[in-house]
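For the sequence shown, counting from 1, position 349 maps to 348 in numbering that gives the first Met the number 0; every step adds exactly one.
Beta carbons are placed, not taken as given, at the ideal position from N, Cα and C, and that holds for glycine.
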Amino acid sequence: MMPQMKIRNFSIIAHVDHGKSTLADRIMELTQSVDERARRDQMLDTLDLERERGITIKATAMRLYYTASDGETYLFNLIDTPGHVDFSYEVSRSLRACEGVILVIDASQGVEAQTIQNAFLAIENGLEILPVVNKIDLPNADVEGAIAELEEVVGVPGDHAVAVSAKTGENVAAILEGIVEHLPAPSGSTDAPLRCLIFDAIYDAYQGVVTFVRVLDGTVKKGDAIRVMSTGKTFEVDRVGYFKPEPTVSDTLSAGEVGWITASIKDIGDTQIGDTITAAKGGSSEPVPGFKPARPVVFSGLYPTDSEDYPKLREALEKLSLNDAAFTFEPETSEALGFGFRCGYLGLLHADIVQARLEREFDLTLIATAPAVVYEVIKTNGETLTVQNPAMLPAPTEIAETREPWVRLSVYVPEEFVGNAMQLIQEKRGEMRDMVYHGRRVELRYDVPFGEILYDFHDRLKSLTKGYASMDYEPAGYRTEQLVKIDVLVNEEPVDALSFIAHRDKAYEFGRKIVDRMANVIPRQMFAVPVQAAVGGKILARATVRAFRKDVTAKCYGGDITRKRKLLEKQKKGKARMKQLGTVEVPQEAFLAVLSSED
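Structural data, given as structure tokens:
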């Protein structure tokens with residue numbers, strides 16, 4: 000058993016794409032933690048999706064051994080974390096398992112939005128920070144500028160900062176010495192009653208729930224009786240182990256160590272991320288302070304394309320929500336799409352990843368409705384409703400006021416692109432609060448309606464600034480706004496899955512877009528089909544799916560024109576009757592085409 004003074008638990012945090020996963024690969028190479036044959040790039044990115052998209056989605060732990068320059072051997076528990084704003088909850092959970100962090104900054108880009116967000120998360124958790132300036136091999140690298148920016152913007156001293164290139168491996172060994180020297184060892188006693196913090200979990204078909212834990216006090220081994228504090232349920236430990244990076248069985252886990260526990264926990268609801276595990280007898284009475292539960296900010300419906308897959312989808316969602324505590328779901332029904340679930344996410348990328356994981360890991364084909372934020376409605380009788388689904392919006396006569404969520408938006412851009420970025424934010428109804436210069440970069444601070452930056456804002460911001468801009472946001476409460484529900488009608492019948500809420504000033508623009516797209520994907524019928532966008536009883540926009548036509552006058556050549564007119568009139572009456580009796584089936588492809596669009 001390794002003495003606590005020789006253990007270091009740390010996370011790697013950074014803005015997206017600043018080189019965390021590459022740096023983790025180099026650290027693993029230097030500590031010779033992975034067999035040469037098993038080595039590959041992005042070792043800690045275990046999901047296929049992570050490797051395909053080149054981003055980290057799940058925080059992953061890994062145990063390493065390092066012999067320092069003083070000849071002593073140290074045990075490192077390294078946790079690689081995501082950098083995208085949608086996965087900051089993963090970061091906050093990982094930080095609770097650590098005493099220190101490596102804060103990675105790109106030498107060419109400097110401090111960016113998520114660098115600040117993640118650094119403040121570490122400071123709030125009382126962690127020691129070791130700054131690392133990465134990508135010094137790039138021609139436009141400015142190490143001194145990046146360190147100065149770190150001191151000025153984040154307030155982290157740059158005395159111990161290490162300049163490295165994770166790609167070439169240059170100077171990475173200095174980081175390992177820095178970890179030993181500057182990051183603290185864990186506190187906690189092996190003799191105290193057992194206390195483990197669950198910071199993640201997965202469901203295994205053979206072992207049940209596998210909990211990922213940080214042991215704060217005590218020791219846990221096979222055969223021990225443990226109790227989950229929030230539910231009070233007791234279990235017998237089957238196996239314990241650590242990550243290397245694949246799960247490896249060991250004899251015990253002691254105070255200060257990071258690892259996993261299986262205890263034949265079959266029911267997903269029996270463990271929760273952020274919960275405390277203690278001994279069933281003589282255990283601790285005080286749970287570890289948990290995490291603030293993440294509140295979903297974006298909601299959309301998920302429906303199986305085949306209604307028989309509904310039970311399979313429910314089971315898949317339960318298993319996925321165990322592994323992703325920021326994701327929520329509840330059943331809902333739609334006239335157009337049948338039975339499904341209303342799901343809550345931390346952002347659009349999170350929604351996209353959840354849907355991709357469901358389709359890939361559980362072999363489902365799904366339709367997702369358009370994402371929407373949570374609105375507040377105050378009714379005329381004084382009752383306050385939270386509206387996640389446009390179908391829940393009361394009739395206009397019952398609404399006293401509608402309130403929309405706003406966010407505090409920070410956008411970091413190089414000076415030459417400030418005009419472009421400001422124009423885009425103002426187009427999204429943004430209100431300027433401040434503008435701060437950090438060397439060559441400018442921070443624009445705005446208040447913006449959350450619904451406006453939900454869809455294509457990030458992509459457009461990147462393209463307008465040649466990819467140099469970065470953004471971050473935090474909730475800023477609700478404001479009273481003129482909001483309306485826009486219904487989409489096909490052949491004068493409303494299609495509930497396509498209705499959405501928008502600001503009154505933008506209702507026509509949104510309505511026009513969706514109507515034109517629907518008219519392109521609905522198959523032609525024997526009669527003309529109107530597609531309309533309406534607010535209440537007022538039609539905002541209309542497009543028509545043209546009817547098929549049969550030339551009924553083909554056999555009338557020459558002769559009296561009245562004969563042709565009579566046949567055309569007869570056809571017209573037939574089409575009118577057909578339209579009254581005929582219903583238009585909107586195919587699944589039409590929903591997919593409209594709902595999966597970025598607009």
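| query | Per DSSP, what kind of secondary structure is residue 600 in: helix, strand or coil? | reply | Outside the shown range of the chain (0 to 598) lies residue 600, about which nothing can therefore be said.
| request: Pull up the CB-CB distance for residue 599 and residue 165, whole angstroms please, since I reckon it's below 8 Å. | output: It is not possible to answer for residue 599, since the shown part of the chain is limited to 0 through 598.
| query | What number of angstroms, rounded off, separates the C-alpha of residue 243 from the C-alpha of residue 501? | reply | 49 Å
| task | Out of 367, 464, 428 and 441, point me to the one whose CA is closest to residue 480's CA. | result | 428
| query | How is the beta strand (DSSP E) around residue 376 delimited, first residue to last? | reply | 374-378
| query | Going by DSSP, what residues sit across from residue 437 in a beta bridge? | reply | 440
| query | Can you round the beta-carbon distance between residue 211 and residue 200 to whole angstroms, since I take them to be within the 8 Å contact cut? | reply | 6 Å
| message | For residue 362 and residue 61, I'd like the C-alpha separation in whole angstroms. | response | 29 Å
| said: If you measure between the beta carbons of residue 271 and residue 343, is that distance less than 9 Å? | reply: no
| field | residue 61 - partner residues in DSSP beta bridges | value | 77
| Helix, strand or coil at residue 185 according to DSSP, with G and I counted as helix | coil
| task | Mind checking which residues open and close the beta strand (DSSP E) that includes residue 507? | result | From DSSP, residue 507 is part of no beta strand (DSSP E) but of the alpha helix (DSSP H) over 506-520.
| query | Which residue spans inside the region 111-179 form an unbroken alpha helix (DSSP H) run of at least 4? | reply | 112-123 and 142-148
| request: Can you grab the Cα-Cα spacing for the pair residue 41 / residue 23, in whole Å? | output: Model confidence at residue 41 stands at a pLDDT of 46, short of 50, so the residue's coordinates are unreliable; what they give is reported in the following sentence. Cα to Cα, the separation comes out at about 8 Å.
| Looking only at DSSP bridge pairs, what is residue 302 linked to? | 366
| Below 9 Å between beta carbons: does that hold for residue 483 and residue 447? | no
| task | In the DSSP assignment, find the unbroken alpha helix (DSSP H) run with residue 417 in it and report its ends. | result | 417-426
| said: On the DSSP letters alone, give me the boundaries of the beta strand (DSSP E) that residue 531 sits inside. | reply: 528-534
| request: Look up residue 353 in the DSSP assignment and say whether it is helix, strand or coil. | output: helix
| query | Taking just the CA atoms, how far does residue 250 sit from residue 6? | reply | 18 Å
| query | Going straight from the alpha carbon of residue 16 to that of residue 503, what length do you get? | reply | 38 Å
| field | Proximity to residue 514 [Cα-Cα], best of 527, 491, 528 and 540 | value | 540
| message | Can you list, in chain order, the residues of its chain with a C-beta nearer than 8 Å to that of residue 150? Leave out the 5 residues immediately preceding and following it. | response | 156 and 157
| field | Backbone CA spacing between residue 443 and residue 472 [nearest angstrom] | value | 12 Å
| query | Below 9 Å between beta carbons: does that hold for residue 301 and residue 340? | reply | yes
| Cβ distance (whole Å) where residue 74 is taken to contact residue 98 below 8 Å | The Cβ separation is near 13 Å, so there is no contact.
| field | Per-residue DSSP class, three states only, for residue 571 | value | helix
| request: May I ask you to verify whether the region 459-469 touches the region 484-496, counting CB pairs closer than 8 Å and requiring at least 3? | output: no
| If you compare alpha carbons, which of 364, 191 and 384 is closest to residue 373? | 384
| said: Rounded to whole angstroms, what is the Cα-Cα separation between residue 132 and residue 69? | reply: 25 Å
| query | Which residue's Cα is closest to the Cα of residue 440: 135, 461 and 416? | reply | 416
| Environment of residue 435 [buried if 16+ CB atoms lie within 10 Å] | exposed
| request: To the nearest angstrom, report how far apart residue 669 and residue 231 are at their CA atoms. | output: Only positions 0 to 598 of the chain appear in the structure, and residue 669 is not among them; the question remains open.
| field | Rounded straight-line distance, which links the Cα of residue 278 to that of residue 223 | value | 8 Å
| task | State the beta-bridge partners of residue 340 as determined by DSSP. | result | 301 and 330
| said: Could you check whether residue 13 and residue 167 sit closer than 9 Å to each other, using their CB atoms as the reference points? | reply: no
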